[in-house]
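**Q**
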Amino acid sequence: MQCVIYKGDRKADTYLYVECEGDFSRVPDSLLQLLGNLEQVMTLELHPERTLARADPEQVREHLRRQGFYLQLPPEHRDPVL
1141 MQCVIYKGDR KADTYLYVEC EGDFSRVPDS LLQLLGNLEQ VMTLELHPER TLARADPEQV
1201 REHLRRQGFY LQLPPEHRDP VL
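Here the sequence shown is numbered in the numbering used here, starting from 1141 and rising by one per residue.
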């Protein structure tokens, strides 16, 4: 399965994965507005051997099949305990 990854200009380290370039038809308008202007970051092939830095590829594929998009949120920032 191929996917295209976008980042918005309003939410740092937040990425939107869709199956087809420029096809946001299944992405809620409220989410698109929250992300702001989208910039394509990369296109990649999702297959069982694929690894991703902050997402489980199988979960990404399942979300793309079920809802038409996958939203990767930034990692939680935790203050160091002193």
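Cβ coordinates follow ideal geometry from the N, Cα and C atoms, glycine included.
Tell me, please, which residues DSSP counts as bridged to residue 1148.
**A** On the sequence shown, position 8 is the one that residue 1148 refers to. Residue 1148 pairs with 1178.
**Q** Can you tell which of 1193, 1156, 1197, 1143 has the C-alpha that lies nearest to the C-alpha of residue 1173?
**A** Here the question's residue 1173 lines up with position 33 in the sequence shown. Among 1193, 1156, 1197, 1143, the Cα nearest to that of residue 1173 is on 1156.
**Q** Measuring only the C-alpha atoms, how far is residue 1152 from residue 1211?
**A** As a position in the sequence shown, residue 1152 is number 12, starting the count at 1. As a position in the sequence shown, residue 1211 is number 71, starting the count at 1. Whole-angstrom Cα-Cα distance: 13 angstroms.
**Q** Rounded to the nearest angstrom, what separates residue 1214 and residue 1154 at their Cα positions?
**A** Walking along the sequence shown from the start, residue 1214 turns up at place 74. Walking along the sequence shown from the start, residue 1154 turns up at place 14. Their Cα atoms are separated by approximately 6 angstroms.
**Q** According to DSSP, simplified to helix, strand and coil, what is residue 1184?
**A** Residue 1184 sits at position 44 when you count from the first residue of the sequence shown. Note: residue 1184 maps to strand in three-state DSSP.
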